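Numbering (the working numbering), first residue to last: 5 to 385.
Each residue gets a CB set at the ideal place from its N, CA and C atoms; glycine is no exception.
As the structure is a prediction and not an experimental result, all values here were calculated from the model.
Comments concern the structure below.
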């Protein structure tokens, strides 16, 4: 299993950690109260991106870069010292896709559109993949589904021992309420929210995968004030939850609330050895922009998920055929490459998971991101 930076915890150690985390939360909020800063202001539309402190150092500010055309690499070097260091850290970079079950990847990844073991062929090309199929698990206050142990064992048996997974935890654990669009029980409170018991049963169902799992990601939807009064309450929930979870597994948190990215939030993650997962898309500002502002506050590996700006629109444009780039994100890819280089040069294990909806084809975006990294640090590889 993946070592937890804090190791397995006794009840006494967990209690002490929880006390320290709450003290950190209280200290940050008391300080900002004196500064008349509010963490509770949530705009009615898409939230603006603000931090209580700007942690970007002058020496680490990003340069603006020219667009890299599709399929074309640039010759150029940024931060030569960092690039030379990164040459010894290549194994720390894992770039893969958010899921793998796409017949339209035939010719890009797969030998046939159907009738094959998709994961086995995928694992011949890429070092990591995100398992997101178990996320959709809450279908009412009393209706919860969990992974099939045999399916998890089958996935483990389809990949080599060096292959790595990231796994999204079920939304039955991360939703405060049933989705508003649900046909039944819409907006009803979810009694399983951050349930220690349900999470334990989930871990049991994916046990065959845990030795090759880099992180279990708890993805939280955008939480308005009806669902969560503010970041302080969110931090207290996280503190209580991570004080009870088993050691030996790496955990990560992805929030869709930009206003939750505060010193207190990162203090809780740091106290429990939990990573932050950057989300590029939905309500969040660009992941590289967030990275440069909070890089000094990060714990553990750097995880980044490149998602959709408008999922439904991308479905319409592509017809759900994920074999071509339909909306190039050249600037963003270059910015992600720069952040990846910085994280690797700092000794951080760096995992980037790419969704088809980001540009239209995750395999092609993976190739383009590798090209951008090579172009920024050609001597590193």
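Review point. Between the C-alpha atoms of residue 161 and residue 169, what's the straight-line distance to the nearest angstrom?
Key: Distance between the alpha carbons of residue 161 and residue 169 is about 13 Å.
Exercise for review: Could you spell out the range, first to last residue, of the beta strand (DSSP E) harbouring residue 205?
Suggested key: Secondary structure note for residue 205: it is in no beta strand (DSSP E), and the uninterrupted alpha helix (DSSP H) holding it is 200-209.
**Study point:** Touching by the beta-carbon criterion (3+ pairs, under 8 Å), the segment 149-163 and the segment 185-199
**Key:** No contact exists between the segment 149-163 and the segment 185-199.
Check your understanding: For residue 233, which beta-bridge partners are listed by DSSP?
Key -> None; residue 233 has no bridge partner.
Practice item. Could you say which of 377, 372, 381 and 365 lies nearest to residue 105 if we only look at CA atoms? Key: If we check each option's Cα against that of residue 105, 365 comes out closest.
**Study point:** Candidates 340, 260, 187 and 206, of which the one nearest residue 235 by Cα
**Key:** Comparing Cα-Cα distances from residue 235 to each of 340, 260, 187 and 206, the minimum goes to 260.
**Study point:** contact_flag[the segment 175-189, the segment 260-273] where n(CB pairs < 8 Å) is 3 or more
**Key:** With a cut-off of 8 Å, the segment 260-273 and the segment 175-189 do not count as touching, because too few Cβ pairs lie within range.
Practice item. Give the secondary structure of residue 181 by DSSP, where H, G and I count as helix, E and B as strand, and everything else as coil. Key: It is a strand residue.
**Study point:** Rounded C-alpha distance that separates residue 108 from residue 326
**Key:** Whole-angstrom Cα-Cα distance: 6 Å.
Practice item. For residue 94, count neighbouring Cβ atoms within 10 angstroms of its own Cβ and tell me buried if that reaches 16, exposed if not. Key: By the 16-neighbour rule on beta-carbons within 10 angstroms, residue 94 is exposed.
**Study point:** Cα-Cα separation between residue 339 and residue 180, rounded to whole angstroms
**Key:** If I take the Cα positions, the gap works out to 33 Å.
Practice item. Determine, using beta carbons only, whether residue 100 and residue 349 come nearer to each other than 7 Å. Key: Not a contact, by the Cβ cut-off of 7 Å.
Point to revise | Collapsed DSSP secondary structure at residue 282 in the structure displayed | key: Reduced to three states, the DSSP call for residue 282 is strand.
Exercise for review: Please confirm whether residue 376 and residue 337 have their CB atoms less than 7 Å apart.
Suggested key: Here residue 376 is near residue 337, since their CB atoms are less than 7 Å apart.
Practice item. Leaving out five residues on either side along the sequence, give the residues of the same chain with a beta carbon under 6 Å from the beta carbon of residue 301. Key: Counting only residues of its own chain and dropping the five nearest sequence neighbours on each side, residue 301 has a CB closer than 6 Å to the CB of 270.
Review point. Counting pairs of beta carbons, one from the segment 205-223 and one from the segment 287-303, are three or more of them closer than 8 Å?
Key: In this structure the segment 205-223 does not lie against the segment 287-303, because fewer than three pairs of beta carbons, one per stretch, are closer than 8 Å.
**Study point:** Per-residue DSSP class, three states only, for residue 143
**Key:** DSSP, reduced to helix, strand and coil, places residue 143 outside both helices and strands of the structure shown, so it counts as coil.
**Study point:** Residue environment, residue 313, which counts as buried when at least 16 other CB atoms sit within 10 Å
**Key:** Under this definition residue 313 is an exposed residue.
**Study point:** Proximal residues to residue 192 (C-beta, below 7 Å), its chain only, five neighbours per side dropped
**Key:** Closer than 7 Å at Cβ, skipping near neighbours: 145, 181 and 182.
**Study point:** Option in 290, 332 and 130 with minimal Cα separation from residue 97
**Key:** For the residues 290, 332 and 130, the minimum Cα distance to residue 97 belongs to 130.
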